[in-house]
Amino acid sequence: MPSHISPIVHCMHTLEKQRRLCSTPTERSFATNCNIGQYRDAKGVILLDILPQGQCINSSRYCSTLDILKEAIRRKRPGLLRRGVVLQHDNATPHSANLTQHWLQRYGWEILPQ
6 MPSHISPIVH CMHTLEKQRR LCSTPTERSF ATNCNIGQYR DAKGVILLDI LPQGQCINSS
66 RYCSTLDILK EAIRRKRPGL LRRGVVLQHD NATPHSANLT QHWLQRYGWE ILPQ
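In terms of this note's numbering, the sequence shown opens at residue 6 and continues consecutively.
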């Protein structure tokens, strides 16, 4: 990839069911939902963000995750922040909220149109 082109960072949130199996006869199996945010580029996963059970993604939480992602990019993909980050995410409410848009503008991250 030419050096003037920024790699794209993909954001994908999934709701996964995790099942805990019984280890003793007195315990019962249960399933829980877990929201996982995966941030990756062509080289692989940069950050996995696993939300605790019962928490949902809002714009404040998403911006906090973007702060963590920025540091993960600095550690795992040196130079990417200087070249510029292009983020691909959907138009979910936390992604398109004003708070998120201001965060993206402040750090100069671009959004790849869908």
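The beta carbon of each residue, even a glycine, is placed where N, CA and C say it ideally should be.
Predicted, not measured: the structure shown is a model, and the values here were computed from it.
*When the Cα of G42 is compared with those of G113, W114 and H100, which residue comes out closest?*
H100
*Distance, T98 Cα to A77 Cα*: Taking C-alpha positions only, A77 is separated from T98 by approximately 24 angstroms.
*Q60 versus K48 - alpha carbon distance*: 29 angstroms
*Going straight from the alpha carbon of N85 to that of L92, what length do you get?*
Reading off the sequence shown, one finds Leu at residue 85, where the question assumed Asn. Each residue's alpha carbon lies about 12 angstroms from the other.
*Pick from P57, Q106 and P83 that is closest to H94, judged by C-alpha positions*: Q106
_Cβ-based neighbour list, T70, same chain, cut-off 7 angstroms, excluding 5 preceding and 5 following_ = G42 and D54
*Does any residue of chain C bring its CB to less than 8 angstroms from the CB of Y67?*
Note that chain C does not occur in the displayed structure, where there is just one protein chain.
_Alpha-carbon to alpha-carbon, G89 and W114_ = 6 angstroms
_Please list the terminal residues of the continuous beta strand (DSSP E) segment that includes D95._
It is not in any beta strand (DSSP E) - D95 carries neither H nor E in the DSSP assignment.
*What runs of the alpha helix (DSSP H), each 4 residues or longer, lie entirely inside the region 36-93?*
64-81 and 85-88
*C-alpha gap between Y112 and N40, whole angstroms*: 26 angstroms
_Which same chain residues end up closer than 7 angstroms to N63 when comparing Cβ atoms and leaving out the 5 residues on each side of it in sequence?_
P99
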